[in-house]
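Structure first, commentary second.
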Amino acid sequence: MGRMRQRHNWKARLQPEASKKDTNSALTDDQKGVLEKTTVDDDYKFSHDDSNILVAPSKKGKVKVAIKNPIDKRKKLTKKQRKRLEKIVETKKKKAKRAELLKALSEYAVSDKELSQMSSTTDLGQSNTTKKRTISEVEESAARKVVISSVRCGRKKGKRLRLERKALDPASAKIAKTIEEEIESGESSESEEEDGGNPDSLQEENLLAESLPLNEQTTDIEEKDENKSDRSKSKEDAGENSAESTVKTISEKVETVKKESKPAIFMEVKRNSEIQTARLQLPILAEEQAVMEAIHDNDVVILCGETGSGKTTQVPQFLYEGGYTTRGLIGVTEPRRVAAVTMSRRVALELNMSTELVSYQIRYEGDVTENTIMKFMTDGVLLKEIENDFFLSKYSVVVIDEAHERSVFTDILMGLLSRIVPMRKTQGKQLKLIIMSATLRVEDFTSNTRLFSIPPPVVTVESRQFPVTVHFNKRTPDDYLNEAFRKVCKIHRTLPPGGILVFVTGQAEVHGLCRKLKRTFPCNLRKENSKQKVDASDENSGDDEDHFDLDSYSVNPAVEDRDAEDEDLGEYNLNDNDSDSEFNLDDGAFTPSIDKNLPMFVLPLYSLLSSQQQAKVFQPPPDGTRLCVVATNVAETSLTIPNIKYVVDTGMVKRRYYDKITGVSSFKITWTSRASANQRAGRAGRVEPGHCYRLYSSAVFTNDFEEFSAPEISRRPVEDLVLQMKDLNIDKVVNFPFPTPPDLTALQSAERLLLNLGALEEKKTMKGNVNAVITPLGRAMAKFPVSPRYAKMLCLGHQENCMEYVIAIVSALTVKEIFADDNDRETSQVTKEDLRKISRLRRTWAGQGDSQKLGDAMVLLRAVGACEYAGCTEKFCSENGLRHKGMIEIRKLRAQLTNSVNLVNADAKVMLNPRMSPPSPAQCVALRQICLSGLCGHVARKNPTGNDPQRKNAYSCMSLGEPVFIHPSSALFEVLPEYVIYQEIVETSKLFMKGVIAVESDWIPILVPSLCTFSKPLEEHLPRYDSDAGVVKCHMKCSFGPKSWQVPPQELEYPAGLDRYKWFAKFLLEGKVIPAFAKFVPFLLCPPVTMIKSWAKLQPRTEILLSELVNGKADSKIALMAALKKDPKFLLATLKQWIPQSKHSELTLSWPPKD
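Counting from 1, one number per residue, gives the positions in the sequence shown under the UniProt record's numbering.
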């Protein structure tokens, strides 16, 4: 309390000017004299207020009026008061110096506007990261120790170290702020040190400081700094010198850091002025600073940008300009091959570089050279590179584009790269990973600690999007196709000009809706009188579509992958009757009659459509017409159609569902996801404000729609995935860091399939656990870019010189849909007679006899051969009902598989024969057996004929309890063999088998022994020695598959065990294994049949021979010759016990046998 009352002679510090004066006018000389006289008197010793001085004084003012000569009357200051005043002056000088220092530093500081723009990268998805927590904890602990550190030794040294650490921050604004705070805290701590004579009071203050919050501690410290009065001048000078030296040290440290840092690299690009102008229109150009800083500061970055933002073409250019090509290649993966080719050409054009520097590599081709600095490729190509170079040492940056599609290879790539990136960092060769997508489920990456231990930052790029008004239906109609037709009619009749985009589920619905719209709004412009319109109609007729160049567009106009939308369920029947429903538009706008005054240019769009037909959507419609595109979900993200203002969204999508247990694929039409619906709506706002009409209610959108579509890895078989990972020596696939792990049941089914194919084998580990490891056959199968079933067929294709036929069959089975559906052709171009001709042609391709038993594979083989013989022209494909795009795909895949076979087996010497002749009958049998070995799990048996008409011609397969049927389009639909194998089962109105081939039941135990259960050798058929195979064979009963189908008894190799050694010893003693030993058979001391008798143990020589065969693992001729090669005297001493001693020398001379 005493300290608070001490004011240290506050009256003496008052200046004479502080006395109250007359505010109206100055005092005259007479008034001053009177005042001096009256102030001597005790009655007037106090000063007066603003009243007249000659009137009685006021008692209000107590301030003493200054005398005329204040120097003579003022009391002298004490030593302590003078020091106090000097301290105030010195503090002002220090503040002035500090202001000069801050002003000098501010010259190197960026502006607040620039600083606010750069600060956005510090909070990119890292609101509570470890880095920020660590900094906050250090600052908090340092603030709590401010008071306590004043009584500790080394306080100034610790403070200097903290200042030096903070000085390493490259931001000059942070340096200035740090210096100011530390100097102020230095002044307060020095005052505390001066007043540290009372240790008891200091301890109390320290305890109080620890109990108070951080902000209250800071407030108390500042108050104590103001109340301290006793400070020595030496301490002040020392503090000032210390502050100046600290600032000097900080500036030296900053200069040192700048000298040690690597210089920034900028690669100058000379672009065309038109290209540069177009680039500046892209939204991602505004975020270049944020994107590059995030990439520089983080090993993994997620970049989210809507379609059209320019991320695919511009991010690789950012990386090039940032100097990343000086450290290695820039690799960009695309899920589709056309995207990789198109993007590489576009980026090369914008960078003004040749294809030698900016190249592409896809499954069938590529233009990569030694000088390549930027490489666009499919994700499968990069996976193959990881097999050869796990650390990707040639790359400095890997960009995964279109990650939202979540293909299987993309998920594997991200899992592998999540481990490669930190391993490269430990080696000192940093690898950057950039994941780009449109609508990505970020939680799969940021919340998946198994994938990324530290959540990667997320940079969001706004798209160049105009506002889109979304309209929901009040009710959700039952017939969405009829509703879509009504909505398009109303838009066309009532709303302003602008393109219309309609989303439906499959190609059958696309063609059906297109035909109905063309009938309602015919676009026959040739009848018009205007010559301009006639010319526009002629252009629309498609005469110049062959000359259309897709490279002029920055989008991907073609999609090679076969999606669920391309499957025809056979259940679609367009209903011409319109149902009543409520609309946002006027109901009077809809009339079912034909309206020739409002022509509409209607175009289909789906993935299996030819490239020329797809390219039509990018051409402007003829004058006086409105463009209407009826598309599947391929138009969501894969390409951007120009001039679309209205979107009609049915909300439906056709998805392929795969049963993980049975392996049955089914196609179902379901609601799409909310993310896909938003993507569809965004198509309307690319060039101008648009409208999206959703043919469902908002309640359905909120309650029934999933937020995101399920990734592909959860909707398809994963045996190829497991085989590729086993080939990478990843034994525990279940522990792999998938972004979305596949179902455990799917992994187990895939492993069982690979075990049945012989690609994996079970081995016991050191701990006694059973683990499935890859076999040499599995490593050969992994070299082929096809399904493991087809890879097994390629590995066996050398038999009977069938390799070129196997390659053709596998290529056709992989591409699948090679026959053009009726919906693919316009009804006006193909007559019924043409359709009947094509149907007869397909049946004749199957042939008769052995070729007919080859079934659908023979049809595919003849189709490929005939198309290649004709030069694979579009005319030939159209006349014979073939899909030209699919045949081109088969030709490319044949070329790739031919090269792969020659690489795996150099002795194969397979060539791509454009004039391939049909296979011979013997080759047809071999092809059926090869197909059975690959499709071993897809065997079906014909059910007995019963009274149930629904089960007529039904088959029973291994994995299903329900009956299945041969598809009507199959070549074996009327043949109905007893046993068949199939490519796949598709569920439509029934369960249909596609890709059917007839097999014989006798082949099953020989070619598929892993799925058979064998009985003991039959006693009525004694085992025999097969001299050709060099093994012991016997007859056994066999049951096949989980349903135990009984197969007729077959002669097979004797099962492994001790009995096989006994029978082999018997045939060895009979001279059947080694013909040179036959001359000693008459001299045997015991008959060879003794080896298989139950009392054989009574003869020592039988036990000796049996034990030696077991120890040498010699149960066949091949194994025996291997043992003799290893030990030439193998079995010599043992066989001498079976012949007289007189024959020993002769046996010794003839041992070991030569054959």
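Note that the Cβ used here is the ideal one computed from N, Cα and C, for glycine as well. Owing to the predicted nature of the structure, the values given are computational and were not obtained by experimental measurement.
Can you list the alpha helix (DSSP H) stretches of 4 or more residues lying completely in the stretch 852-888, in chain order? Under the rule that a run must span 4 or more residues, the alpha helix (DSSP H) segments found entirely inside the stretch 852-888 read 856-869, 874-879.
Could you say which of Gln427, Glu712, Thr505 lies nearest to Asp411 if we only look at CA atoms? By one-based count along the sequence shown, residue 411 stands at place 411. Comparing Cα positions, the closest option is Glu712.
If I measure Cβ to Cβ from Thr1134 and keep anything under 6 Å in the same chain, skipping five residues before and after, which residues do I get? Position 1134 of the sequence shown, counted from the start, is the residue given in the question as residue 1134. Its chain contains Ile1104, Leu1105, Glu1108 as the residues whose beta carbon lies nearer than 6 Å to that of Thr1134, once the 5 sequence neighbours on both sides are disregarded; these appear in chain order.
Quick check: is the beta carbon of Ile1118 nearer than 7 Å to any beta carbon in chain C? Among the chains of the structure shown, chain C does not appear; only one protein chain is present.
Please classify Trp1045: does DSSP put it in a helix, a strand, or coil? Sequence index remark: in the sequence shown, residue 1045 carries index 1045 (1-based). Three-state DSSP puts Trp1045 in a strand.
Roughly how many angstroms separate the alpha carbons of Ser396 and Leu282, rounded to a whole number? Walking along the sequence shown from the start, residue 396 turns up at place 396. Walking along the sequence shown from the start, residue 282 turns up at place 282. Straight through space, the alpha carbons of Leu282 and Ser396 are spaced by roughly 26 Å.
Assess, as a yes-or-no matter, whether the stretch 687-703 is touched by the stretch 640-651 under the definition of 3 or more beta carbon pairs within less than 8 Å. Flag = yes, the stretch 640-651 and the stretch 687-703 touch.
Where the alpha helix (DSSP H) through Thr765 begins and ends: As a working mapping, residue 765 is identified with position 765 in the sequence shown. Note, Thr765: premise wrong, no alpha helix (DSSP H); not H, not E.
Using the beta-carbon count (16 or more within 10 Å), is Phe965 buried or exposed? Looking up residue 965 in the sequence shown gives position 965. Buried.
Assess, as a yes-or-no matter, whether the stretch 309-322 is touched by the stretch 445-459 under the definition of 3 or more beta carbon pairs within less than 8 Å. Touching, no, given that fewer than three Cβ pairs across the two stretches are closer than 8 Å.
Per-residue burial, Ser1145 [other beta carbons within 10 Å of its own, 16 or more giving buried]: Taking the sequence shown and counting its residues from 1, the one referred to as residue 1145 is at position 1145. Exposed.
Which class does Ser437 belong to by DSSP, given the choice of helix, strand or coil? Translated into the one-based positions of the sequence shown, residue 437 becomes position 437. DSSP places Ser437 within a strand segment (E or B) once states are collapsed to three.
Taking the beta strand (DSSP E) that Leu501 falls in, what are its first and last residues? Sequence index remark: in the sequence shown, residue 501 carries index 501 (1-based). Taken as a continuous stretch (DSSP letters only), the beta strand (DSSP E) holding Leu501 covers 499-503.
When the distance is taken between beta carbons, is Ala340 closer than 7 Å to residue 1215? Here the chain has residues from 1 to 1155 only, and residue 1215 is not among them.
Taking only three categories from DSSP, how would you classify Gly847? Here residue 847 is taken as the residue at index 847 of the sequence shown, counted from 1. In the structure shown, Gly847 sits in coil (DSSP, three-state: anything other than H, G, I, E or B).
With distances taken from CA atoms, which of Gly366, Pro1048, Trp1063, Arg779 is nearest Ser1094? Looking up residue 1094 in the sequence shown gives position 1094. The residue with the shortest Cα to Cα distance from Ser1094 is Trp1063.
Cβ-based burial, Ala1078 [other Cβ within 10 Å; buried from 16]: Here the question's residue 1078 lines up with position 1078 in the sequence shown. Burial call: exposed.
Measuring straight from C-alpha to C-alpha, what distance separates residue 1159 and Glu761? Since the displayed the chain opens at 1 and closes at 1155, residue 1159 lies outside it and no answer follows.
Can you say whether Thr672 is buried or exposed, counting buried as having 16 or more other CB atoms within 10 angstroms of its CB? As a position in the sequence shown, residue 672 is number 672, starting the count at 1. Residue environment: Thr672 is assigned as buried (16 or more neighbouring CB atoms within 10 Å of its CB, all protein chains considered).
Proximity test, Gly961 beta-carbon vs the ligand ZN heavy atom, cut-off 6 Å: Ligands in the displayed structure: none, and consequently the ligand ZN is not present.
Neighbourhood of Thr765 by C-beta, 6 Å cutoff - its chain only, sequence neighbours within 5 removed: The residue labelled residue 765 in the question sits at position 765 within the sequence shown. Asn771.
Starting from Gly366, follow its DSSP beta bridges and name the residues at the other end. Within the sequence shown, numbered from 1, the residue matching residue 366 stands at position 366. Beta-bridge pairing links Gly366 to Gln361.
Mapping the DSSP letters down to three states, classify Asp649 as helix, strand or coil. To locate residue 649, count along the sequence shown from 1; it is residue 649. DSSP places Asp649 in strand when its eight states are reduced to three.
Taking one C-beta from the stretch 708-727 and one from the stretch 487-506 each time, how about it: are there three or more such pairs within less than 8 Å? Taking a cut-off of 8 Å for Cβ pairs, the stretch 708-727 and the stretch 487-506 do not touch, as fewer than three such pairs fall below it.
Measure the C-alpha to C-alpha separation of Gln317 and Val300 and round it to an integer number of angstroms. Walking along the sequence shown from the start, residue 317 turns up at place 317. Walking along the sequence shown from the start, residue 300 turns up at place 300. If you take the alpha carbons of Gln317 and Val300, they lie about 18 Å apart.
Once the 5 residues before and after Arg1024 are set aside, which same chain residues still bring their CB inside 7 Å of it? Position 1024 of the sequence shown, counted from the first residue, corresponds to residue 1024. Hits under 7 Å: Lys1033.
For a test of the three-state rule: what should DSSP assign to His1021, helix, strand or coil? Taking the sequence shown and counting its residues from 1, one reaches residue 1021 at position 1021. Coil, per DSSP.
On the CB-based measure, 16 or more other CB atoms within 10 Å of its CB, does Gly797 come out buried or exposed? The sequence position of residue 797 within the sequence shown is 797, counting from 1. With 16 or more other Cβ atoms inside 10 Å of its own Cβ, Gly797 counts as buried.
Separation of Gln1137 from Ala1096, as counted between CA atoms: Residue mapping note: residue 1096 aligns to position 1096 of the sequence shown, counting from 1. Residue mapping note: residue 1137 aligns to position 1137 of the sequence shown, counting from 1. About 15 Å.
Report the three-state DSSP secondary structure of Val468 (helix, strand or coil). Position 468 of the sequence shown, counted from the start, is the residue given in the question as residue 468. For Val468, the secondary structure class from DSSP, reduced to helix, strand or coil, is strand.
Express the C-alpha separation of Leu1120 and Cys936 in angstroms, rounding to a whole number. Looking up residue 936 in the sequence shown gives position 936. Looking up residue 1120 in the sequence shown gives position 1120. The alpha-carbon atoms of Cys936 and Leu1120 are separated by roughly 32 Å.
Using the C-alpha atoms, what's the distance from Glu636 back to Val468? To locate residue 468, count along the sequence shown from 1; it is residue 468. To locate residue 636, count along the sequence shown from 1; it is residue 636. Those two C-alpha atoms are separated by around 15 Å.
Hey, Met803 and Ala908 are a contact pair by Cβ (cut 8 Å); roughly how many whole angstroms apart? Stepping through the sequence shown from its first residue, residue 803 is reached at position 803. Stepping through the sequence shown from its first residue, residue 908 is reached at position 908. Beta-carbon to beta-carbon, Met803 and Ala908 are separated by about 6 Å, close enough to satisfy the 8 Å threshold.
Specify the secondary structure class of Asn771 as computed by DSSP and reduced to three states. As a working mapping, residue 771 is identified with position 771 in the sequence shown. Here Asn771 sits in strand by DSSP.
For Ser878 and Ala863, what's the separation of their Cα atoms in angstroms? Here residue 878 is taken as the residue at index 878 of the sequence shown, counted from 1. Here residue 863 is taken as the residue at index 863 of the sequence shown, counted from 1. So the alpha carbons of these two residues sit roughly 13 Å apart.
Buried versus exposed, by CB contacts within 10 Å (16 or more), Arg715: Residue numbering aside, residue 715 sits at position 715 when the sequence shown is read from its first letter. Buried, since its Cβ has 16 or more Cβ neighbours within 10 Å.
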